[in-house]
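Here is the structure we will look at, set down as structure tokens.
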Amino acid sequence: MTPATIQSLIEQGLPGARADVRGDDGVHFEATVVCEAFRGKLPLARHRLVYATLGERMGGEIHALSLKTLTPEEAA
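Counting in my numbering, the sequence shown runs from 304 upward without gaps.
The following block contains the structure:
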């Protein structure tokens with residue numbers, strides 16, 4: 304698994320999202336995701352939206368994913 308692959312999966316799964324994914328060892332990653340769909344949602348709900356884009360890869364190909372989830376206004 305690569306950061307670019309994870310970025311693509313997130314951005315395809317959350318229309319309009321921008322994701323910046325980093326990770327050097329192929330199993331532990333950090334991502335900052337900016338998406339309008341996060342508006343009005345608590346952090347746990349935001350994280351679930353991102354995890355849903357990755358499906359069964361979480362806990363398998365992706366051992367750990369640290370998330371920072373922001374609305375466009377929060378990211379500005």
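Where is the CB? At the ideal position from N, CA and C, for every residue including glycine. Keep in mind it's a predicted model, so treat the numbers as computed, not measured.
- Around residue 354, the same chain offers 361 as residues with beta carbons nearer than 6 Å, after the five sequence neighbours per side are excluded.
- In the structure shown, residue 351 adopts helical secondary structure according to DSSP, grouped into three states.
- Collapsing the DSSP output to three states places residue 339 in a helix.
- The continuous beta strand (DSSP E) containing residue 368 extends over residues 367-373.
- Residue pairing of residue 325 in beta bridges, as defined by DSSP: 333.
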